[in-house]
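This report concerns only the one structure given below.
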Amino acid sequence: MKDIVIKGGRIVRETGVSPGEILISSGKIEKIGSSIRTPSGAIEINAREMYLLPGFIAPDMCPVNGKDKYFTLSSSAAKNGVTTLIGHAEMGVKSKSLKKEIDEAGKDSILDFSFHLYVSDIGHEGVYKKITEAAGKGITSFNVSMPLTEEYDINIYKLLKFARRENILAVFDFDNYKSLKKCSCFLKTEKSENIIRERRKIDFTERQMVLKTCLLADEARSPLYIKNINTGKGVRELRRLRRGGMDVFSDVSFHSLMLLQNKNNEKIHPDRGSFEKKKDVYELWRAVLEETVDIVSPEGSNSEYGFFSKLYNEAVLKREMKMEQVSLLTSTNPARIFGLFPEKGVLREGSDADIAVFDPALSGRLKGALKYTISRGEIIYEKGEIKAERGRARFVQRKPFCAEY
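Structure follows, in structure tokens:
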């Protein structure tokens, strides 16, 4: 692997943005300085006036079943500046073994990857053993779809206590049709499909799920992570609990911040069919700006215009966010929360050379475009073209969860 020197860039780090150059050697950031001599035979990238950001981390991107599923997913993500994927490995009788899932992704992906263990039946007698085995392989989080039914409460409570004891992070998924269907008895609707169609019930359901899950976690003295907050009431409840000292992390999908608008001034998610009014999108952006949510996930952002181009226009140009704050939401926070820091999520000497090179001067319908994606010192995306071969990926064993993140 050839050394790379990136010259003339604006380096985005936790404390701010400063001009500088980066020397990459053997997949690591070897040196950051103001004037670095290019070694003989090294690749030199002219990044004059471009932003150099830590490669983005996608905390919940799962491939669609089919041929080349990991290659297709990772290639699409690399075009958006993503350098690390965290997907789902299912726990169940008919599901693949963890080894098979890891081997399949490793042969097909071009991006480094990890998994959340997806727990579909929290009452299964072998659930604790499976979670412990996964943690031993570096999968230090598990994902649960959370319905509002009393039969789940005691199992969720036990699972949270177990997670706290074993330093494993519990990830709760509310954006799930099955979860909403199971809530129909609680909401006393005549047909469960009405939950999808009736905005008030979706709003009410998410708020109740946030409150109930956080109360169970507080009782178990366990941190937790809430995935894909969607509604104004949900995010307001989250804000209230965090201000009260609740140890809860969360993300918002970038797609939820960029929904289409219909004639009734409502925001429509084109895939899920759920409705978000303009005030809900305002609340989601407010949560991003004040850091009520910890992560902006690139899930659902694949399109002609990349994830970061949209985020740069909406967050930096329109809402005047600082670039270092954007980098925290897309790289550093997910790395810290999910046990990848400081190897990933930050531009430091000794860290993995995962870098997104963004040119703010390029303009089209949106201002700015991603020029390069570098993963462990290899240019995998350059000016519209994927350069990497499938199978270059590495499974990343994550550290145990640390509540002091």
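Numbering (this note's numbering), first residue to last: 2 to 406. Glycine included, each C-beta is placed from N, C-alpha and C at the ideal position.
Sequence-distant residues of the same chain with beta carbon closer than 8 Å to residue i, five excluded per side
i: Phe-255; result: Val-297, Ser-298, Pro-299, Glu-300, Gly-301, Ser-302, Phe-308, Lys-311, Leu-312
i: Ser-36; result: Glu-22
i: Leu-217; result: Asp-154, Ile-157, Tyr-158, Leu-161
i: Pro-361; result: Glu-50, Met-51, Tyr-52, Tyr-313, Lys-368, Gly-369
i: Glu-325; result: Val-13, Arg-14, Glu-15, Thr-16, Gly-17, Val-18
i: Ile-123; result: Val-145, Tyr-153, Asn-156, Ile-157, Leu-160
Supposed close pair residue i, residue j - CB separation, criterion 8 Å
i: Thr-293; j: Arg-240; result: 5 Å
i: Phe-173; j: Tyr-129; result: So it is not a contact: roughly 18 Å between Cβ atoms.
i: Asn-381; j: Ala-370; result: In the sequence as displayed, the identity of residue 381 is Ile instead of Asn. About 16 Å separates the two Cβ atoms, so there is no contact after all.
i: Ser-1; j: Gly-378; result: There is no way to answer for residue 1, as the model of the chain reaches only from 2 to 406.
i: Tyr-373; j: Ile-46; result: 7 Å
i: Ile-230; j: Val-249; result: Going by Cβ atoms, the distance from Ile-230 to Val-249 rounds to 11 Å, so no, they are not a contact pair.
i: His-117; j: Ser-142; result: 5 Å
i: Glu-284; j: Gly-365; result: At roughly 30 Å, the Cβ-Cβ gap does not stay under 8 Å, so Glu-284 and Gly-365 are not in contact.
CA nearest to the CA of residue i, picked from the options
i: Gln-209; options: Lys-100, Val-236, Arg-11; result: Val-236
i: Tyr-119; options: Gly-107, Leu-99, Ile-111, Phe-205; result: Leu-99
i: Pro-343; options: Ile-46, Ala-135, Arg-399; result: Arg-399
i: Leu-330; options: Asp-295, Asn-314, Gly-139, Lys-234; result: Asp-295
i: Pro-245; options: Gly-233, Leu-212, Val-253; result: The question names Pro, but residue 245 in the sequence shown is Gly. Measuring from the Cα of Gly-245, the nearest candidate turns out to be Leu-212.
i: Ser-257; options: Arg-287, Glu-238, Phe-250; result: Arg-287
i: Ala-43; options: Thr-214, Asn-81, Met-2, Gly-107; result: Met-2
i: Lys-228; options: Lys-8, Lys-131, Asp-61; result: Asp-61
i: Val-317; options: Val-289, Ser-77, Thr-206; result: Val-289
i: Glu-238; options: Ser-223, Arg-222, Phe-205; result: Phe-205
i: Ser-352; options: Lys-29, Arg-11, Glu-207; result: Lys-29
i: Ala-171; options: Ser-75, Lys-138, Thr-214, Ile-103; result: Thr-214
i: Pro-335; options: Ile-87, Ser-364, Phe-175, Glu-126; result: Ile-87
i: Lys-138; options: His-125, Glu-126, Ile-103, Gly-127; result: Ile-103
Sequence-distant residues of the same chain with beta carbon closer than 7 Å to residue i, five excluded per side
i: Glu-220; result: Tyr-158
i: Leu-34; result: According to the sequence displayed, residue 34 carries Gly and not Leu. Excluding sequence neighbours, Gly-34 sits near Gly-21, Glu-22.
i: Ser-376; result: Gly-56, Thr-84, Leu-112, Asp-113, Asp-355
i: Lys-189; result: Summary for Lys-189: the model assigns pLDDT 44, below 50, so the residue's position carries little reliability, and this model does not support an answer.
i: Lys-179; result: In this predicted model, Lys-179 has a pLDDT of only 45, less than 50, meaning its place in the structure is not dependable; the value taken from the coordinates is given anyway. The answer, listed in chain order, is Ser-146.
i: Gly-340; result: Thr-141, Arg-399, Lys-400, Pro-401, Phe-402
Close beta carbons around residue i, own chain, < 6 Å, minus the five adjacent residues each side
i: Asn-168; result: Pro-401, Phe-402
i: Pro-40; result: Asp-4
i: Thr-85; result: Ile-58, Asp-113, Lys-345
i: Leu-54; result: Val-13, Ser-328, Ala-357
i: Leu-24; result: Val-6, Glu-31, Lys-32, Ile-37
i: Met-322; result: Ala-316
i: Asp-281; result: Thr-232, Gly-233
Residue i: CB within 7 Å of a non-hydrogen atom of the ligand PLP
i: Ile-111; result: The ligand content of the structure shown is nil, which means the ligand PLP is not present either.
Residue-level contact to chain B via CB, residue i, 8 Å cutoff
i: Gly-365; result: You won't find chain B in this structure, because it holds only one protein chain.
- Task: State whether the segment 378-397 contacts the segment 155-172, with contact taken as three or more CB pairs (one from each stretch) at a distance under 8 Å.
- Result: No: fewer than three Cβ pairs fall under 8 Å.
- Message: Three or more C-beta pairs under 8 Å: does that hold for the segment 344-352 against the segment 71-82?
- Response: no
- Task: Could you name each continuous alpha helix (DSSP H) segment of 4 residues or more that falls completely within the segment 41-117, going from the start of the chain to the end?
- Result: Runs of the alpha helix (DSSP H) inside the segment 41-117: 70-79, 99-109.
- Task: Starting from the N-terminal side, write out each stretch of the beta strand (DSSP E) that is 3 residues or longer and does not extend beyond the segment 327-377.
- Result: Correct list: 356-364, 368-376.
- Quick one: complete beta strand (DSSP E) runs, 3+ long, within the segment 283-321? 296-298
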